[in-house]
Amino acid sequence: MKGHRFGVLICEDLWHQGPIQQLVQAGAKSILCLNASPYSYLKSSLRAQILKTRTEEARVPIFYVNQIGGQDELVFDGDTQVIDAQGHQCAHAGWFEEKLLIVDMSEKGEITQQSFATSMPKLESIYKALVLGTRDYVLKNHFSGVLLGLSGGIDSALVLAIAVDALGADRVTAILMPSQYTASMSNEEAIAEAKTLGVRYHTIPINTVYDAFMHTLNPVFKGTKPDITEENLQARIRGTLLMALSNKMGSLVLSTSNKSEAAVGYSTLYGDMAGGFCPIKDVYKTIVYQLAHYRNQQSPVIPTRVIDRPPSAELAPNQKDEDTLPAYAILDQILEQFIDQEKTVPDIIKAGFNQEIVYKVAKMIQRSEYKRWQAAPGIRITEKAFGKDWRYPVTSAFEERGLRE
Numbered sequence: 015m016k017g018h019r020f021g022v023l024i025c026e027d028l029w030h031q032g033p034i035q036q037l038v039q040a041g042a043k044s045i046l047c048l049n050a051s052p053y054s055y056l057k058s059s060l061r062a063q064i065l066k067t068r069t070e071e072a073r074v075p076i077f078y079v080n081q082i083g084g085q086d087e088l089v090f091d092g093d094t095q096v097i098d099a100q101g102h103q104c105a106h107a108g109w110f111e112e113k114l115l116i117v118d119m120s121e122k123g124e125i126t127q128q129s130f131a132t133s134m135p136k137l138e139s140i141y142k143a144l145v146l147g148t149r150d151y152v153l154k155n156h157f158s159g160v161l162l163g164l165s166g167g168i169d170s171a172l173v174l175a176i177a178v179d180a181l182g183a184d185r186v187t188a189i190l191m192p193s194q195y196t197a198s199m200s201n202e203e204a205i206a207e208a209k210t211l212g213v214r215y216h217t218i219p220i221n222t223v224y225d226a227f228m229h230t231l232n233p234v235f236k237g238t239k240p241d242i243t244e245e246n247l248q249a250r251i252r253g254t255l256l257m258a259l260s261n262k263m264g265s266l267v268l269s270t271s272n273k274s275e276a277a278v279g280y281s282t283l284y285g286d287m288a289g290g291f292c293p294i295k296d297v298y299k300t301i302v303y304q305l306a307h308y309r310n311q312q313s314p315v316i317p318t319r320v321i322d323r324p325p326s327a328e329l330a331p332n333q334k335d336e337d338t339l340p341a342y343a344i345l346d347q348i349l350e351q352f353i354d355q356e357k358t359v360p361d362i363i364k365a366g367f368n369q370e371i372v373y374k375v376a377k378m379i380q381r382s383e384y385k386r387w388q389a390a391p392g393i394r395i396t397e398k399a400f401g402k403d404w405r406y407p408v409t410s411a412f413e414e415r416g417l418r419e
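Under this note's numbering, the letters of the sequence shown match residues 15 to 419, in that order.
Written out as structure tokens, the structure is:
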């Protein structure tokens, strides 16, 4: 490449026309763009569009190099590629795995075309991002392994699969914590999941601990009716047991809450929210189901009964999530419009959603901010994850019209 002049851009320099034009005017014949561009499931197509636009404008090849790995909530997916001066993608290093990419370029700057995969299916990319992000968070922070509460529900089943794929079965421990409300099917399927994936598991019933709490609290609770307090107490007992095991074993507790639950506050602070890292924090419930099907296509690790059963926290008799929430198929559409697309309540109602349900969901989102501030970090897969992308105060007198009681 003697005599071939490269101009160097850093990450979002490429997103604007000015920087690349200045380098070309200064004599650059090719552009080397160095990036730490974080993953979202829409990002790869956006990068391709920007690269095509810039090469067509500047008429020079672009060597786009991106980082791979996890850092806190961010995952860097790679997507390193070479675009010729006509805007054609000539070479690609793939996603989520480090690779040495070698290309041939003539003295005139012509690049030899290589064969490669032009895209990765959405669910595959999300799953690989969750695996990579979990692996790097655990290993780079020097944890010996992870443990999680395995309930027999789909969220914990998916997180267990992610953890094993990220770290290997020998670094993962599952804890079953049944109560009087836990269905026998939940225990059966949780054990089946643990055995299928080859992880250690322990069963620690919480009934005795729960009874001790209720006995201790009885002088104060006497004369009151059972309500959500008793439900949350069960979740907090489980959180306490997991943290005790974490201290003793030196393992990181993985929380298993999803984005739908985090959005509307359908979780217990210091209970099922307890943990040091939450792999599916930015994954809506409907996507959780899709990821479970995707993972089972690789090898069947999540039982069909777990996927097909109605979701339930199992904190009260015959409890179902839809007793409190809209159906997830409806809820997630509303959440995506309100959170990811930043639409207003009136706009969502105009889109055809039931007014009463939209008001209820929006109110739940606004009133759950204090929980999200105390949630464990988790992997970002969208452009609007709770955390750095979602800057709302806990304390605010503002309420959209129609939300005030």
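Note that the Cβ used here is the ideal one computed from N, Cα and C, for glycine as well.
* Asked: Who does residue 161 pair with in a DSSP beta bridge?
  -> 187, 267
* Between which two residues does the beta strand (DSSP E) harbouring residue 179 extend? -> Residue 179 -> not in any beta strand (DSSP E); alpha helix (DSSP H) instead, spanning 168–181.
* Starting from residue 114 and walking both ways along the alpha helix (DSSP H), at which residues does that stretch end? -> Careful: residue 114 lies outside any alpha helix (DSSP H) and carries neither H nor E.
* Asked: Using a Cβ-Cβ cut-off of 6 Å (strictly less than) and excluding sequence neighbours within five positions of residue 421, which residues of its own chain qualify?
  -> No information on residue 421 is available, as it lies outside the stretch 15 to 419 that the chain covers here.
* DSSP bridge partner residues for residue 109 (one or two, in chain order) -> The partner list for residue 109 (beta bridge, DSSP) reads 92.
* Asked: Among 121, 185, 49, 173, which has the Cα closest to the Cα of residue 264?
  -> 185
* Asked: How many angstroms separate the CA atom of residue 108 from the CA atom of residue 337?
  -> 44 Å
* Asked: Are the stretch 282–298 and the stretch 245–257 touching by the rule of at least three beta carbon pairs closer than 8 Å?
  -> yes
* Asked: Taking the continuous alpha helix (DSSP H) assigned at residue 235, which residues delimit it?
  -> From DSSP, the alpha helix (DSSP H) with residue 235 extends over 221–235.
* **Proximity below 8 Å, CB of residue 37 to CB of residue 24** => no
* Extent of the continuous alpha helix (DSSP H) to which residue 345 belongs -> 342–349
* On the three-state DSSP scale, how would you describe residue 310? -> helix
* Kindly indicate which three-state DSSP category residue 373 falls into: helix, strand or coil? => helix
* residue 394 vs residue 135 beta-carbon contact at 8 Å -> no
* Asked: Along the chain, where does the alpha helix (DSSP H) that runs through residue 321 open and close?
  -> 318–322
* Closest Cα partner of residue 35 within the set 400, 363, 171, 67 -> 67
* Asked: Short check: CB of residue 272 to CB of residue 294, under 8 Å?
  -> yes
* Asked: Does the stretch 81–97 come within contact of the stretch 147–156, defined as at least 3 CB pairs closer than 8 Å?
  -> yes
* Looking at the structure shown, is residue 246 part of a helix, part of a strand, or coil, going by DSSP? -> Helix.
* Put residue 20 into one of helix, strand or coil per three-state DSSP. => strand
* Pair within 8 Å by beta-carbon distance, residue 361 and residue 398 -> no
* 6 Å Cβ shell around residue 22 - same chain, five flanking residues per side excluded -> 46
* Asked: Between the C-alpha atoms of residue 270 and residue 172, what's the straight-line distance to the nearest angstrom?
  -> 9 Å
* Go ahead and label residue 325 buried or exposed: buried means 16 or more other beta carbons lie within 10 angstroms of its beta carbon, across all protein chains shown. => buried
* Asked: In or out: residue 299 buried (at least 16 other Cβ within 10 Å) or exposed?
  -> buried
* Asked: Who are residue 45's beta bridge partners in DSSP?
  -> 21, 76
* Asked: Apart from the five residues just before and just after residue 54, which ones in its own chain have a Cβ nearer than 8 Å to its Cβ?
  -> 394, 395, 396, 397, listed in sequence order.
* In angstroms, rounded to a whole number, what distance separates the CA positions of residue 371 and residue 156? -> 45 Å
* In terms of residue numbering, what span does the alpha helix (DSSP H) encompassing residue 401 cover? -> Boundaries cannot be given for residue 401, as no alpha helix (DSSP H) includes it and DSSP labels it neither H nor E.
* Asked: Going by C-alpha distance, which of 103, 114, 141, 113 is nearest residue 129?
  -> 103
* Asked: To the nearest whole angstrom, what separates the beta carbons of residue 315 and residue 211, a pair I think is in contact under 8 Å?
  -> 6 Å
* **Contact test: residue 73 Cβ vs the ligand NAD heavy atom, cutoff 7 Å** => Looking for the ligand NAD in the displayed structure turns up nothing, as the structure carries no ligands at all.
* Best match in 199, 30, 274, 266 for proximity to residue 347 [C-alpha to C-alpha] -> 274
* To do: From the DSSP output, in three-state form, read off residue 53 for me.
  => coil
* To do: Alpha carbon to alpha carbon, how far is residue 247 from residue 377? Give it in angstroms, no decimals.
  => In a straight line, the C-alpha of residue 377 is about 24 Å away from that of residue 247.
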